[in-house]
Amino acid sequence: MSAILDVCEGLPRVTFNDGDQIIGEGEQGNRMYVLIDGEVIVEKGGTEVARDGTPGSLFGEMSALLETPFSATVRADGNVRMYLVTDPIEFLVTRPGIAVHSARLLAQRLHDATTYLADLKTQFQENSDHFGMMDQILDALLHQQRRKTEDAFENPEDPRL
């Protein structure tokens, strides 16, 4: 991860204290953060879904890539230092190593989420209540798309794409 942090040298550094909200679920924001040190709590709908203290972890990248409001709240758990990226798309386009790093983080998060949902489906497949509908929920998640990926390449901002 130190290579990721090395690439971020020169970006503004921001510090958050215990309990500070770094990103708010539903907020519009064209920014991304790269964790230098400390630990953060990620909440969805007020429920803690993850903790992350890995230097080089990214926050806000999903919102930037999807051009949507932030999908979760991120709070400092203790003192946290981060790099602030004010133009995430430009940052990712001009630093392919960071773009690959971002893709790997997103792939890991997707893998974890789908593994969790598949485990739930197995545990509750015999139920006749809403838990028994897990296969329908998984199917809906797998086929839900904001827009086709190909659309992003019809009018690329970067002529190299």
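Residue numbers for the sequence shown follow the working numbering, beginning at -11 and rising by one.
Note that beta-carbon positions come from the ideal geometry of N, C-alpha and C, so glycine has one too.
According to DSSP, residues forming a beta bridge with residue i
i	result
phenylalanine 4	Val68
valine 156	There is no way to answer for residue 156, as the model of the chain reaches only from -11 to 149.
phenylalanine 47	Tyr21
valine 81	Per DSSP, none; premise fails for valine 81.
glutamine 124	Answer is none; glutamine 124 lacks a bridge partner.
Where the alpha helix (DSSP H) through residue i begins and ends
i	result
threonine 103	84 to 112
glutamate -10	A small fix is needed here, since residue -10 is serine in this sequence, not glutamate. Element bounds for serine -10: -10 to -4.
Residue i versus residue j: straight-line alpha-carbon distance, rounded
i	j	result
valine 28	leucine 105	24 Å
glycine 14	threonine 35	14 Å
proline 43	phenylalanine 112	37 Å
serine 45	glycine 7	19 Å
leucine 23	asparagine 115	41 Å
Per-residue DSSP class, three states only, for residue i
i	result
leucine 54	helix
glutamine 16	coil
Given 8 Å, three or more beta-carbon pairs between the segment 69 to 83 and the segment -5 to 12: yes
Between the segment 89 to 104 and the segment 55 to 64, do three or more beta carbon pairs fall short of 8 Å? no
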